[in-house]
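Novice: At position 109 of the sequence shown the residue is numbered 114 (the numbering used here), and the sequence of numbers has no breaks.
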Amino acid sequence: MGEVRWTKEQLLAINEKDKNILVAAAAGSGKTAVLVERIINKIVKEKIDIDKILVVTFTKATASEMRGRILDAIYKEIEKDSSNEHLQKQITLLSKSSICTIDAFCLDIVKNNFFEIGISPNLKIAESTEIEILKQEIIEDIFEEKYENGDKEFLEIVDEYTSYRGDDVLRDIVLEIYSYIQSTPFPEEWIKEKVEAFNLESTSFENTVWGRILFEKVKNELKDRNT
Ligand SMILES: Nc1ncnc2c1ncn2[C@@H]1O[C@H](COP(=O)(O)OP(=O)(O)OP(=O)(O)O)[C@@H](O)[C@H]1O
Ligand SMILES: [Mg+2]
Numbered sequence: 006m007g008e009v010r011w012t013k014e015q016l017l018a019i020n021e022k023d024k025n026i027l028v029a030a031a032a033g034s035g036k037t038a039v040l041v042e043r044i045i046n047k048i049v050k051e052k053i054d055i056d057k058i059l060v061v062t063f064t065k066a067t068a069s070e071m072r073g074r075i076l077d078a079i080y081k082e083i084e085k086d087s088s089n090e091h092l093q094k095q096i097t098l099l100s101k102s103s104i105c106t107i108d109a110f111c112l113d114i115v116k117n118n119f120f121e122i123g124i125s126p127n128l129k130i131a132e133s134t135e136i137e138i139l140k141q142e143i144i145e146d147i148f149e150e151k152y153e154n155g156d157k158e159f160l161e162i163v164d165e166y167t168s169y170r171g172d173d174v175l176r177d178i179v180l181e182i183y184s185y186i187q188s189t190p191f192p193e194e195w196i197k198e199k200v201e202a203f204n205l206e207s208t209s210f211e212n213t214v215w216g217r218i219l220f221e222k223v224k225n226e227l228k229d230r231n232t
């Protein structure tokens, strides 16, 4: 089998160094191939061991695809240079290399440093059903506690957002906000900042964040109608 003829763009992505690179291209267009080639170049040209390279993916399937393709590529290099001990060593090193999902990598760091963080070394990643149950239990506890303490601000919110049928609507809102803010880099800071926006200095609605958005929208709509 002949060598792959890399495209100009692929070559750029393979050879670029000392900077962050984002490779975005269509499905099946050769992104993984570029990544594998970068890794092989590091091993062959820079004599770096595969267990010194961190490769993280989002899914287990992609991680094992990566591992397989790197192994294939190493074998291909060995075919070209069968007496190369550095290359042969990579086959053994591959089994203890960090080619894994980002979750598995993070779990590894936490497990290897549990004494620093002060948590149990037996920790594991929860299944999504477990997480769902935990969430429900926790929100149950929090609501219970706030009802018992007669938390004034909480009761006002309950009044505002729930009906005589129960407070499920409010629970859902809280859980929805929770899952939404998980996609921000610093969820707690983000929500504090957004809550702060409600501390209005002026009383004129058009000067608030929401007022400005609404005014802009109405203005655009009116403009569209005039044309
Ligand atoms: N320049 C090229 N010339 C010929 N074949 C190529 C070239 N680049 C990649 N390929 C081949 O195309 C196929 C798809 O490549 P690859 O799996 O790397 O794509 P991908 O962008 O990662 O795909 P996906 O979006 O599914 O993850 C592979 O068989 C790969 O060897
Ligand atoms: Mg791919």
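Positions of the beta carbon are idealized from the N, C-alpha and C atoms, including for glycine.
1) For I124, count neighbouring C-beta atoms within 10 Å of its own C-beta (all shown protein chains included) and say buried if the count is 16 or more, exposed if not.
2) Using the Cα positions of Q141 and D177, report the straight-line distance between them to the nearest angstrom.
3) What does DSSP give as the partner residues of L59 in its beta bridges?
4) Closest to K13 by C-alpha separation, out of N46, D164, R217 and S34, would be which residue?
5) Specify which residues have a beta carbon nearer than 6 Å to any heavy atom of ligand 2, listing them in chain order.
6) According to DSSP, simplified to helix, strand and coil, what is S133?
7) Name the DSSP bridge partner or partners of S168?
8) If V61 and T106 are in contact, beta carbons under 8 Å, what's the gap, nearest whole angstrom?
9) What is the rounded straight-line gap between the Cα of N231 and the Cα of K222?
10) Drop a sphere of 10 angstroms on the beta-carbon of L59, count the other beta-carbons inside from all chains shown, and report buried for 16 or more, exposed for fewer.
11) Rounding to the nearest angstrom, what Cα-Cα distance links N127 and F119 in this structure?
12) Given a cut-off of 7 Å, decide if I130 and D113 are closer than it, judged by their beta-carbon atoms.
13) So V39 packs on A18, CB below 8 Å; how close in whole Å?
14) Relative to ligand 1, is the shortest distance from any of its heavy atoms to the C-beta of T64 smaller than 6 Å?
15) Please determine, among E145, K224, K57 and I143, the residue with the shortest C-alpha to C-alpha distance to L98.
16) Measuring alpha carbon to alpha carbon, tell me which residue in I44, R43, I45 and Q15 is nearest A31.
17) Considering only the beta carbon of each residue, do I75 and V41 sit closer than 7 Å?
18) Run the proximity test for V9: is its beta-carbon closer than 6 Å to any non-hydrogen atom belonging to ligand 3?
19) Could you check which residue in W11, S100 and F203 has the C-alpha nearest to that of W271?
20) I'd like to know whether the C-beta atoms of V163 and D172 end up nearer to each other than 7 Å.
Specialist: According to the structure shown:
1) exposed
2) 10 Å
3) S103
4) S34
5) K36 and T37
6) helix
7) G171
8) 7 Å
9) 14 Å
10) exposed
11) 9 Å
12) no
13) 5 Å
14) no
15) K57
16) Q15
17) yes
18) Looking for ligand 3 in the displayed structure turns up nothing; the ligands present are ligand 1 and ligand 2.
19) Nothing about residue 271 can be read from this structure; the chain reaches only from 6 to 232.
20) yes
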